[in-house]
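Written out below as structure tokens is the structure these notes cover.
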Amino acid sequence: MDPIPGAQPAALHQAFRGVWVRTGAPTVDPAAATLLDFSADDGPDLGFAYVLPVDERRAMVMAVRMGPSMDLPDPLPAVARVVGSSRWTIEAEERGVTPLPGRPAPRRTGQRMLRIGARGGRVRASTGYAVTRVLADTGAIVASLSRHGHPFGIPPDPRRDRALDAIWLAALARERADLEPAFLALFRDVPVDRVLRFLDGGASPVDVAAVVAALPPGPFLGALGALARQRLIR
Ligand SMILES: Cc1cc2nc3c(=O)[nH]c(=O)nc-3n(C[C@H](O)[C@H](O)[C@H](O)COP(=O)(O)OP(=O)(O)OC[C@H]3O[C@@H](n4cnc5c(N)ncnc54)[C@H](O)[C@@H]3O)c2cc1C
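Position in the sequence shown (from 1) plus 930 gives the number in the working numbering.
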């Protein structure tokens, strides 16, 4: 199973807006991070919030939306749940829109040029995150430079990961907010170290089997059928 070269899936994005809040009263539980709060966004796309506590009065509250829209989600409903009736202020904010590429561009762009980072396809299409893949890529480029004198002796992305990303993105494009149960099953029913290896890359066949077994099959079989019908995968 492999994405067909040149075939273009629908454009999807991960849009996110987060605020660092300071509360007047100790309303934050510093021992409890919230990773997937789906109650904060009732739009048509897959939207959730997460809360990373710093101490009893400070937390980072991030709203994330994944889908065709590039509009930034609003973290304030999730902030309201953290701060309660306490006074609060925003100390800093971060925001961005990360394309979730269904088909990464070629990395080699000339005799001596290699794309790196996000432009080099290091954003994992199904998560919107890149840091661990950028670090692994950097090590591989350094090794290639010292061994061959050029940066091109780096491993390609595993076919399996590209196929799983294509299926995940097709399911996201079709199901949108209805994909919430799949996200919850992933983090509720699979040991977290297996999930992290699956999402970051470097998962073993046993890790992948554990993830596939936990996910509801309907959305992903539907996505696979849609990709095959559109000749985006073979
Ligand atoms: C607010 C925000 C938070 C994020 N958080 C995370 C996270 O927690 N974890 C994660 O994995 N990913 C995260 N990401 C995704 C992020 O895109 C990648 O992790 C990472 O920053 C991408 O690295 P990069 O080197 O490709 O691009 P960048 O970090 O954007 O660096 C590219 C650099 O190249 C420079 N540049 C561009 N064109 C030229 C040119 N022609 N000549 C010279 N310089 C040029 C730019 O000015 C920039 O400094 C986040 C993204 C954003 C926007």
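Backbone N, C-alpha and C fix where the C-beta goes; we use that ideal spot for every residue, glycine too.
Minimum C-alpha distance to residue i - residue among the options
i     : options                       : result
P1034 : I1020, A1112 and D1091        : D1091
L1002 : P983, L976, P1081 and E986    : L976
G1111 : P1147, S1074 and V994         : In the sequence as displayed, the identity of residue 1111 is Pro instead of Gly. Closest by alpha carbon: P1147.
A945  : T1028, R1106 and V1061        : T1028
V1053 : M1043, R1045, L1044 and V1064 : V1064
L1094 : V994, R1164 and R988          : R1164
F1113 : A1144, A1066 and R1089        : A1144
I1020 : V1009, G1026 and P1135        : V1009
E986  : A963, P1007, V994 and G973    : A963
D1130 : P1036, G1058 and E1024        : G1058
A1107 : P974, F1150 and H943          : P974
F1209 : S1074, R1089 and P1088        : Residue 1209 lies beyond the range of the chain shown here (931 to 1164); nothing can be said about it.
P1007 : M1000, A1156, V994 and L1109  : V994
G1155 : L1116, W1098, R1118 and R1127 : W1098
R1161 : A1100, D1137 and R1017        : A1100
A961  : S969, L982, H1078 and L1044   : L982
R947  : R988, L1151 and M1000         : M1000
D1087 : G1132, R1077 and L1044        : G1132
A1153 : S1134, P1135 and L1109        : L1109
A989  : P998, F978 and P1005          : P1005
Short Cβ contact (9 Å threshold) for residue i with residue j
i     : j     : result
L1102 : M992  : no
Y980  : D971  : no
A1060 : G1032 : no
E1023 : V958  : no
V1120 : V1141 : yes
L965  : L1030 : no
E1084 : A1096 : Checking the sequence, you will find Ile at residue 1084 rather than Glu. Their beta carbons are not under 9 Å apart, which means I1084 does not touch A1096 by this criterion.
S1104 : P1149 : A quick correction: the sequence has Arg, not Ser, at residue 1104. Cβ atoms of R1104 and P1149: closer than 9 Å.
H1080 : R1127 : no
Short CB-CB distance (under 9 Å) between residue i and chain D
i     : result
A1035 : Reference to chain D is not applicable here, since this structure consists of a single protein chain.
The segment 948-965 contacting the segment 1006-1014, beta-carbon criterion three pairs below 8 Å: The answer is yes - the segment 1006-1014 touches the segment 948-965, with three or more Cβ pairs under 8 Å.
Quiz: which residues have CB nearer than 5 Å to ligand 1 non-hydrogen atoms: E1024, G1026, G1047, A1048, Y1059, A1060 and V1061
Segment contact flag, the segment 1062-1081 with the segment 1044-1052, C-beta cutoff 8 Å, min 3 pairs: yes
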